[in-house]
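Some notes on the structure that comes next.
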Amino acid sequence: MRLIALFLVLFCAAPAFGQMICPPRALPPVAACTGPARVSLAVVGDVLLHEALATRGYLRGFDTLWGAAVPLLRAADIALANLEGPVAPGFARDGGRLPDPGPRFDGMVYSEYPLFNYHPVVIDALREAGIDIVTTANNHALDRGASGLDATLAALDAGRMAQVGAVPGGQERMRALRLSTPAGPLSLIACTFGTNGIADPRGQIPLCYEQTAALSRLVTAEAGTGAGVIVLPHWGQEYSLTPDAAQRRFARAMAGAGAIAVIGTHPHVPQPWEVLDTPRGPVPVIYSTGNFIAAQPPLERATAIMAWLEFCPGAAGPVIGGAGFVPLQMEFEGADPSLTLPRPGMGARAEAGLALLDHMIPGRDLRAVTDCRAPRAPRTAPIPEPDR
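All letters in the sequence shown, in the order written, are residues 48 to 435 by our numbering.
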């Protein structure tokens with residue numbers, strides 16, 4: 048088994064009063080900490096650039112889409128998103144090769160549903176927004192075939208964006224992304240329910256349900272090194288607000304194998320949380336974060352969360368000391384859809400989205416402890432790179 052090791056160095060900086068950053072404080076508790084070190088992880092859902100969003104991002108900058116979330120993403124020690132689609136220059140949606148049209152939505156090389164593909168400037172924009180790691184095991188990973196997936200992995204490497212999930216052709220399908228932090232080592236493992244029927248001839252994408260036993264062994268092996276293991280499944284039924292039986296079985300298998308958290312994507316709507324009791328301690332399961340960026344206007348699809356978890360040393364390795372969420376919502380009024388941080392008083396749609404989240408995930412909304420009133424020091428962690 049070949050494991051890629053990443054070393055994420057985290058340290059504090061002197062206050063910089065030109066930039067407002069708003070990290071949550073006093074998270075709802077999960078597990079008991081045995082030491083003072085704390086490391087924060089922010090997780091957002093699917094980056095799904097439909098035509099209107101891709102066009103705006105290419106023309107005006109992607110910060111005009113997700114700028115509201117940037118202070119929080121930059122405040123986190125580690126920030127992660129699901130990259131839903133290839134980044135494969137010159138790969139056409141019909142399977143052929145075409146000259147790269149540059150960063151614009153042309154519908155052939157750079158396209159949307161059902162076969163997504165993005166220009167590499169998207170990687171730069173995500174990195175500049177504060178995203179350190181993307182997951183690449185999802186149902187759109189092979190939208191440009193196996194060669195397009197290899198091109199995507201090369202583009203991520205060139206763009207200094209760490210990824211977890213897919214592997215280059217010819218390498219072992221399953222591996223963990225290892226991070227070294229002040230709270231102890233972390234290992235990330237990602238998988239998907241499938242690839243929309245597109246063949247995976249080189250076995251590059253880990254499959255959650257078909258390979259549960261092998262993934263469980265990988266989790267146990269990583270936990271055995273003293274690492275805190277986070278599993279990132281792309282699973283569930285689209286647009287369902289309730290996790291299905293397969294999700295629940297898989298979550299229990301991963302928790303039983305030694306994972307300290309399970310954080311899911313794919314349904315395009317938020318789903319409830321659950322905390323599983325295991326011999327190693329409580330394991331939070333976030334069944335779905337919902338979308339991060341997508342042109343899906345219905346309230347449930349436009350409402351999402353940024354999961355915010357805090358790691359700390361535990362008796363047998365890192366544990367989740369606290370966990371909560373910051374509400375997110377896509378706003379589609381007017382000609383410029385964009386992400387917002389909904390708050391009471393922002394209108395009926397924001398109020399409805401907040402009510403949905405409060406009902407679904409009670410007691411973990413971090414609005415009251417997310418202090419955006421004063422500038423804070425920017426995060427200064429370097430972009431993680433593979434240890435070759």
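All C-beta atoms, glycine included, are put in the ideal place defined by N, C-alpha and C.
- As the crow flies, the alpha-carbon of T289 is around 31 Å from that of D383.
- Distance from the CA atom of F372 to the CA atom of Y256, rounded to whole angstroms, is 27 Å.
- Here DSSP, grouped into helix, strand and coil, assigns D324 to strand.
- Sequence-distant partners of A213 (beyond 5 residues in either direction) whose C-beta falls short of 7 Å from its own C-beta, in its chain, are T183, A184, A188, L196, L200, Q251, I252.
- The stretch 336 to 352 and the stretch 95 to 108 touch, with no fewer than 3 CB-CB distances between them shorter than 8 Å.
- In this structure, DSSP gives D93 an extended state, which the three-state scheme calls strand.
- In this structure, V316 sits away from V330, with a CB-CB distance that is not shorter than 8 Å.
- Spanning the alpha carbons of L74 and P161 requires a straight line of approximately 39 Å.
- For the 8 Å CB-CB criterion, V168 and A354 do not form a contact.
- The C-beta distance from A302 to L323 rounds to 5 Å, short enough to fall under 8 Å.
- Within 10 angstroms of the beta-carbon of R411 lie 16 or more other beta-carbons, which makes it buried.
- Here E378 is bridged, per DSSP, to S385.
- If you look at T182, you'll find it in the beta strand (DSSP E) that goes 180 to 182.
- Taken atom to atom, the span from the alpha-carbon of P215 to that of A397 is near 42 Å.
- Short of 7 Å from the beta carbon of L265, and not among the five residues preceding or following it, lie these beta carbons of its own chain, in chain order: M221, A223, I236.
- R225: member of the beta strand (DSSP E) spanning 224 to 228, first to last residue.
- The way I'd put it, the stretch 363 to 379 doesn't touch the stretch 126 to 133; fewer than three beta-carbon pairs between them come closer than 8 Å.
- Between S385 and the set R414, G361, P344, the nearest pair of CA atoms involves P344.
- Taking C-beta atoms as the reference points, D179 and A135 fail to come closer than 8 Å.
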